[in-house]
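Some notes on the structure that comes next.
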Amino acid sequence: MRGIRAAAVVTLATALAATLTGCGGGTSTDEGGSNDSPKTLTYWASNQGPNIEADKKILTPELKKFEKETGIKVKLEVVPWSDLLTRILAATTSGQGPDVLNIGNTWSASLQATGALLPWDDKNFEAIGGRDRFVDSAVASAGAEGQPPAAVPLYSLAYALYYNKQMFADAGIDGPPATWDELVADGKKLSKDGKWALGAEGGNLSNNIHQVFALGQQHGDNFFDESGKPTFTTDGNVAAVKQYVDFMAKDKIIAPGNAEYAQNQSLTDFAKGKTAMVLWQAAASTFASQGMKPEDWGAAPVPVPSGAPGAGAQVNSMVAGINIAVFKNTKNIEGAKKFVKFMTSDGEQKLLNKTYGSIPPVAAAQSDPAFAAPDLKVLRDTLANSAAPLPQVPEESQFETAVGTAVKDLWADAASGTPVTTESVKKRLDKAQQQMQQ
Amino acid sequence: MTSTVTPPVRKSGSGADQGDGGARRRRLPRIPDRIRQGGLPYLLLLPAVLLELLVHIVPMVIGIVMSFRELTQLYINNWGNAPWRAFDNYKIAVDFDAPLGEALLHSFYVTCLFTVITVGLSWLFGMAAAVMLQENFRGRGLLRAVFLTPYALPVYAAVITWAFMFQRDNGMINHVLHDQLGLTDEPSFWLIGDNSFIALVVVAVWKSWPFAFLMLMAGLQNIPRELYEAASIDGAGIWQQIRKITLPSLRPVNQVLVLVLFLWTFNDFNTPYVLFGESAPEAADLISIHIYQSSFVTWNFGTGSAMSVLLLLFLLLVTAVYLVATSRGRKGSGAE
Amino acid sequence: MPNKALAGKARSPLAPPASFRWTRRIILAFLTTFALLPVYVMVSSSLKPLEDVTDTFQWIPSEITIRPYFDIWDTVPLAHYFMNSLLVAGAATVLSVTIAVFSAYAVSRYRFRGKRVFTVTVLSTQMFPGILFLLPLFLIFVNIGNSTGVALYGSRGGLILTYLTFSLPFSIWMLIGYFDSIPRDLDEAAKVDGCGPFGALFRVVVPAAIPGIVAVAVYAFMTAWGEVLFASVMTNDETRTLAVGLQGYATQNDVYWNQIMAASLVVSVPVVVGFLLLQRYLVAGLTAGAVK
Numbered sequence: 000m001r002g003i004r005a006a007a008v009v010t011l012a013t014a015l016a017a018t019l020t021g022c023g024g025g026t027s028t029d030e031g032g033s034n035d036s037p038k039t040l041t042y043w044a045s046n047q048g049p050n051i052e053a054d055k056k057i058l059t060p061e062l063k064k065f066e067k068e069t070g071i072k073v074k075l076e077v078v079p080w081s082d083l084l085t086r087i088l089a090a091t092t093s094g095q096g097p098d099v100l101n102i103g104n105t106w107s108a109s110l111q112a113t114g115a116l117l118p119w120d121d122k123n124f125e126a127i128g129g130r131d132r133f134v135d136s137a138v139a140s141a142g143a144e145g146q147p148p149a150a151v152p153l154y155s156l157a158y159a160l161y162y163n164k165q166m167f168a169d170a171g172i173d174g175p176p177a178t179w180d181e182l183v184a185d186g187k188k189l190s191k192d193g194k195w196a197l198g199a200e201g202g203n204l205s206n207n208i209h210q211v212f213a214l215g216q217q218h219g220d221n222f223f224d225e226s227g228k229p230t231f232t233t234d235g236n237v238a239a240v241k242q243y244v245d246f247m248a249k250d251k252i253i254a255p256g257n258a259e260y261a262q263n264q265s266l267t268d269f270a271k272g273k274t275a276m277v278l279w280q281a282a283a284s285t286f287a288s289q290g291m292k293p294e295d296w297g298a299a300p301v302p303v304p305s306g307a308p309g310a311g312a313q314v315n316s317m318v319a320g321i322n323i324a325v326f327k328n329t330k331n332i333e334g335a336k337k338f339v340k341f342m343t344s345d346g347e348q349k350l351l352n353k354t355y356g357s358i359p360p361v362a363a364a365q366s367d368p369a370f371a372a373p374d375l376k377v378l379r380d381t382l383a384n385s386a387a388p389l390p391q392v393p394e395e396s397q398f399e400t401a402v403g404t405a406v407k408d409l410w411a412d413a414a415s416g417t418p419v420t421t422e423s424v425k426k427r428l429d430k431a432q433q434q435m436q437q
Numbered sequence: 000m001t002s003t004v005t006p007p008v009r010k011s012g013s014g015a016d017q018g019d020g021g022a023r024r025r026r027l028p029r030i031p032d033r034i035r036q037g038g039l040p041y042l043l044l045l046p047a048v049l050l051e052l053l054v055h056i057v058p059m060v061i062g063i064v065m066s067f068r069e070l071t072q073l074y075i076n077n078w079g080n081a082p083w084r085a086f087d088n089y090k091i092a093v094d095f096d097a098p099l100g101e102a103l104l105h106s107f108y109v110t111c112l113f114t115v116i117t118v119g120l121s122w123l124f125g126m127a128a129a130v131m132l133q134e135n136f137r138g139r140g141l142l143r144a145v146f147l148t149p150y151a152l153p154v155y156a157a158v159i160t161w162a163f164m165f166q167r168d169n170g171m172i173n174h175v176l177h178d179q180l181g182l183t184d185e186p187s188f189w190l191i192g193d194n195s196f197i198a199l200v201v202v203a204v205w206k207s208w209p210f211a212f213l214m215l216m217a218g219l220q221n222i223p224r225e226l227y228e229a230a231s232i233d234g235a236g237i238w239q240q241i242r243k244i245t246l247p248s249l250r251p252v253n254q255v256l257v258l259v260l261f262l263w264t265f266n267d268f269n270t271p272y273v274l275f276g277e278s279a280p281e282a283a284d285l286i287s288i289h290i291y292q293s294s295f296v297t298w299n300f301g302t303g304s305a306m307s308v309l310l311l312l313f314l315l316l317v318t319a320v321y322l323v324a325t326s327r328g329r330k331g332s333g334a335e
Numbered sequence: 000m001p002n003k004a005l006a007g008k009a010r011s012p013l014a015p016p017a018s019f020r021w022t023r024r025i026i027l028a029f030l031t032t033f034a035l036l037p038v039y040v041m042v043s044s045s046l047k048p049l050e051d052v053t054d055t056f057q058w059i060p061s062e063i064t065i066r067p068y069f070d071i072w073d074t075v076p077l078a079h080y081f082m083n084s085l086l087v088a089g090a091a092t093v094l095s096v097t098i099a100v101f102s103a104y105a106v107s108r109y110r111f112r113g114k115r116v117f118t119v120t121v122l123s124t125q126m127f128p129g130i131l132f133l134l135p136l137f138l139i140f141v142n143i144g145n146s147t148g149v150a151l152y153g154s155r156g157g158l159i160l161t162y163l164t165f166s167l168p169f170s171i172w173m174l175i176g177y178f179d180s181i182p183r184d185l186d187e188a189a190k191v192d193g194c195g196p197f198g199a200l201f202r203v204v205v206p207a208a209i210p211g212i213v214a215v216a217v218y219a220f221m222t223a224w225g226e227v228l229f230a231s232v233m234t235n236d237e238t239r240t241l242a243v244g245l246q247g248y249a250t251q252n253d254v255y256w257n258q259i260m261a262a263s264l265v266v267s268v269p270v271v272v273g274f275l276l277l278q279r280y281l282v283a284g285l286t287a288g289a290v291k
């Protein structure tokens with residue numbers, strides 16, 4: 000009898016499960032959306048300002064403006080970064096999500112592969128003023144090559160070398176280094192008396208990826224080949240990772256403690272004058288909030304082997320930034336496009352990027368004098384000339400985890416005095432690569 | 000309260016089952032005659048059953064279904080189209096020669112060790128505190144609240160505070176060990192490298208022992224005073240009383256408590272996640288983080304589910320063995 | 000009643016020996032330190048300016064400021080999250096305990112078919128890894144919403160339902176244990192006196208099991224209070240709970256350590272006070288047991 004009862008429960012549960020999975024996620028896969036509810040939109044914004052409340056204060060007046068122009072009411076939710084990707088995944092799986100959302104641009108290809116986002120083909124781009132309004136490198140980081148982008152660039156960022164002017168002067172160094180050799184040489188002069196030359200976020204997987212990606216480019220290699228297969232263990236990539244970790248292991252210009260940093264402690268150290276340089280994207284507002292005056296620090300392009308950043312082997316940054324995307328199953332497809340058009344209009348681009356300290360991916364908006372400040376000019380030039388998109392492959396997040404962890408573990412080796420050799424680097428990267436191929 | 004009139008013998012409760020089992024067994028068959036009211040017990044269980052079905056059982060069945068499909072980002076938008084993969088997901092998980100399986104196995108070992116140590120210490124601390132606070136003395140109420148404080152702090156805040164304390168350069172732990180006591184030559188890393196295991200255990204014990212304390216404290220209230228009085232009249236000292244009365248009486252509470260602590264600790268996700276972020280150091284690579292990486296981070300819900308199902312099977316096995324073993328122990332001493 | 004006084008006196012001549020008192024002092028001192036160390040760090044850090052918090056650790060803050068306690072309300076809608084958490088955890092606790100009391104009563108006092116299946120199944124749900132059923136549960140909620148219009152996803156209701164079920168299995172098991180230890184003759188007697196089964200439950204069994212019920216309630220409350228994973232997926236701006244909302248103090252570029260600590264303390268104070276008030280009932284069982 001007990002068996003019968005148990006069997007009945009299981010049958011019931013399975014039947015329920017079957018019906019539920021039957022309709023589970025069964026969102027329409029046809030050519031995108033409807034106009035069933037043309038008067039409202041839901042928008043998930045990412046956290047760009049100092050905190051979520053600040054974001055709401057910044058965006059709400061703009062959304063009001065949009066409502067006045069179009070009569071469409073936008074319901075805003077600012078989703079913290081810690082939750083954003085999981086929320087998007089859940090939304091993708093269930094079909095229950097916002098109409099418009101911000102995504103980290105490195106997620107573009109992964110999300111594109113789900114087929115849940117509206118593809119920005121020429122027709123859709125026309126609706127927001129045309130693809131050529133946007134900076135090329137920004138559009139290139141909105142989806143896999145050869146496919147219509149899955150999103151539209153919204154805010155752009157790039158890496159720069161931030162340096163402490165006073166510490167440089169004290170060490171008798173004239174200006175920021177332009178090549179890595181100069182950086183190491185300057186670094187050795189700067190690293191003394193409990194002060195260090197360079198900061199790193201060893202525990203931050205994404206940051207590790209961003210740095211070794213640019214170095215890999217300089218060594219002539221990419222982490223994925225043309226066909227999208229991982230190539231982590233090529234000589235160039237191994238050399239790139241080793242070069243980065245060697246700043247601590249061999250050159251001793253990064254403090255060992257940085258190996259565990261994952262909460263932007265390297266910025267705090269910089270603001271306190273404990274380290275002389277950091278490689279960061281648009282750090283100005285953080286420095287200010289940590290009590291640093293604008294004249295205390297300078298920004299320069301991230302060093303490259305030749306000293307002159309450019310394309311190919313002189314790439315010195317990934318294209319960082321935020322894209323705006325539309326969920327295909329939106330009930331207000333026209334409104335969603337209008338909203339993207341509004342957010343990427345010259346006026347909004349100037350205003351929002353100015354507020355957030357980022358660079359507009361819309362070329363026309365860059366002319367605003369606000370983006371001509373010395374540090375932003377560095378970012379702008381980098382984006383225009385010497386930034387390359389991270390590999391736009393569906394497995395991007397796997398890549399970030401696998402290789403980011405490999406680099407994190409190498410930092411731990413370096414910090415604890417375990418030798419970091421070409422072999423040990425290769426072994427870690429090999430393990431990372433094998434994890435990808437499952 | 001006046002209705003709780005009862006002869007002292009009957010106050011024995013589960014604590015005194017050992018001596019009382021015979022009486023109870025004789026009593027039991029009488030009950031169905033009196034309370035054979037058919038549907039009433041089922042009615043009482045109905046809400047619990049419905050909720051368990053909705054929130055646990057059905058999702059679980061769906062989870063098992065997921066584990067047989069290829070649910071990568073290519074298919075999550077439309078589950079119906081995800082190809083069936085039979086046992087492929089499982090093969091990947093248990094292929095211990097390949098890096099993924101090897102890492103899973105390693106993480107399994109780490110989790111087992113972590114669980115045994117954490118449950119052991121949490122129970123020990125909880126037990127010690129409960130016994131030491133059994134007697135009334137000044138400040139007992141305050142201490143009770145103090146011991147429950149770790150339980151009252153939001154998990155995220157508590158763990159991030161520990162992470163803050165475990166920082167190498169500015170953390171409180173190294174400040175004490177290195178700067179003040181001079182026990183180490185160099186400040187040690189706690190959040191990366193091998194020490195991360197210690198850090199993880201400390202935080203996990205800190206977080207879970209108040210729960211053991213709470214449950215044991217409640218359990219102690221059920222032990223009749225007469226037992227202690229009788230024992231002390233017989234000349235048993237306090238240590239003997241603890242050994243002969245307190246510990247055996249807590250047996251039923253302990254049986255469930257240890258099991259539940261075990262299950263939680265084994266499945267603990269929040270502690271390692273907040274402490275180490277989405278990639279834990281090898282020495283502290285718990286299986287829950289591992290599964291999270293294999294599903295949410297890499298967007299491969301099929302493999303992640305397969306790993307979870309394997310984990311579930313393991314836990315079922317351990318639980319079954321545990322329950323059989325502990326129940327036999329109880330039967331042996333005359334209860335049930 | 001006089002017997003109670005007698006019982007109290009009977010213990011006093013046999014006061015614990017010195018060895019026990021010293022062991023007790025040492026153990027309690029150790030556990031107090033262990034429990035309160037992070038709390039002290041929280042308190043002292045919450046009173047420091049951010050520059051000092053991120054600097055070398057100091058036991059005594061060199062500069063004390065209460066600004067973090069004002070800033071916390073502006074950085075994150077803390078009061079709103081707090082109310083959400085209180086509502087969700089409170090409702091989940093009440094429902095969970097009520098349902099668990101009914102179930103445990105049935106299991107403890109009745110013989111019926113499927114009893115063992117029920118208890119074993121319920122216990123086994125405790126071992127389901129949350130990661131495995133997070134997404135399926137989410138899907139079910141969304142589908143229920145789509146087909147019936149009952150919004151479980153993103154609502155407090157859905158979260159209450161989830162959390163109350165999380166604490167249910169353990170609560171049922173613990174209560175079965177507590178109920179079993181209450182002599183059956185008590186409720187038998189009540190039934191003879193004309194109480195129905197519910198009368199026996201509420202007049203006899205529940206009052207006698209107060210310490211167990213309070214312990215289970217505390218557990219149910221804390222389960223809901225601290226849960227992060229499900230809350231991060233199932234809530235939105237409106238319904239976000241504290242456990243998730245506190246992460247708002249750590250943003251992409253800044254981590255407001257002092258505010259995290261201040262906010263955690265502020266929201267924990269009511270809970271600790273609640274514990275202090277409730278622990279009276281944890282002892283109530285003891286006195287009730289001594290009444291003869």
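Protein chains in written order, with numbering that gives the first Met the number 0: chain A, 0 to 437; chain B, 0 to 335; chain C, 0 to 291. Positions of the beta carbon are idealized from the N, C-alpha and C atoms, including for glycine.
{"query": "Pair within 7 Å by beta-carbon distance, C/Leu163 and A/Ser93", "result": "no"}
{"query": "C-beta atoms of A/Leu197 and A/Ile127 nearer than 7 Å", "result": "no"}
{"query": "Burial state of B/Trp83, where buried means 16 or more other Cβ atoms lie within 10 Å", "result": "exposed"}
{"query": "Residues from the region 182-195 of chain B in contact with chain A, defined by Cβ distance under 7 Å", "result": "Phe188, Leu190, Ile191, Gly192"}
{"query": "Contact set between the region 149-167 of chain B and chain C, restricted to residues whose Cβ is under 8 Å from the partner", "result": "Pro149, Tyr150, Ala151, Leu152, Pro153, Val154, Tyr155, Ala156, Ala157, Ile159, Thr160, Trp161, Phe163, Met164"}
{"query": "CB contact below 7 Å: C/Gln258 versus chain A", "result": "no"}
{"query": "CA nearest to the CA of A/Val99, picked from A/Tyr161, A/Lys340, A/Ala199", "result": "A/Lys340"}
{"query": "Cα-Cα separation between A/Leu156 and B/Leu309, rounded to whole angstroms", "result": "43 Å"}
{"query": "Under the three-state DSSP convention, the category B/Arg26 falls into", "result": "Unreliable placement is indicated for B/Arg26, whose pLDDT of 44 sits below 50; no coordinate value is reported for it."}
{"query": "beta-carbon C/Ala199 near the ligand FMN non-hydrogen atom, thresh 6 Å", "result": "This structure lacks the ligand FMN, and indeed carries no ligand of any kind."}
{"query": "Every unbroken alpha helix (DSSP H) within the region 229-282 of chain C, with a cutoff of 4 residues, ordered by chain", "result": "241-244"}
{"query": "Three-way DSSP call (helix, strand, coil) for A/Gly198 in this model", "result": "strand"}
{"query": "Coarse secondary structure for A/Ala275, derived from DSSP in three states", "result": "strand"}
{"query": "Cβ of C/Asp51 within 7 Å of any chain A Cβ", "result": "no"}
{"query": "Neighbour-count burial assignment, A/Ala139, 16 or more Cβ in a 10 Å radius", "result": "buried"}
{"query": "Run of the alpha helix (DSSP H) containing C/Val121, from where it starts to where it stops", "result": "114-123"}
{"query": "Bridge partner(s) assigned by DSSP for A/Leu116", "result": "A/Phe326"}
{"query": "Proximity test, Cβ basis, 7 Å: A/Ala270 and chain B", "result": "no"}
{"query": "Inter-residue spacing [alpha-carbon to alpha-carbon] between C/Leu134 and C/Asn142", "result": "12 Å"}
{"query": "Cutoff 7 Å: A/Glu200 Cβ touching any chain B Cβ", "result": "no"}
{"query": "Cross-strand partners of A/Glu76 (DSSP beta bridge)", "result": "A/Trp43"}
{"query": "7 Å CB neighbourhood of B/Leu44 in its chain, flanking five on each side removed", "result": "none"}
{"query": "Chain-ordered chain B contacts of A/Lys191 [CB-CB under 7 Å]", "result": "Simply none; closest approach about 17 Å."}
{"query": "Below-7 Å beta-carbon distance, B/Pro98 vs any chain C residue", "result": "no"}
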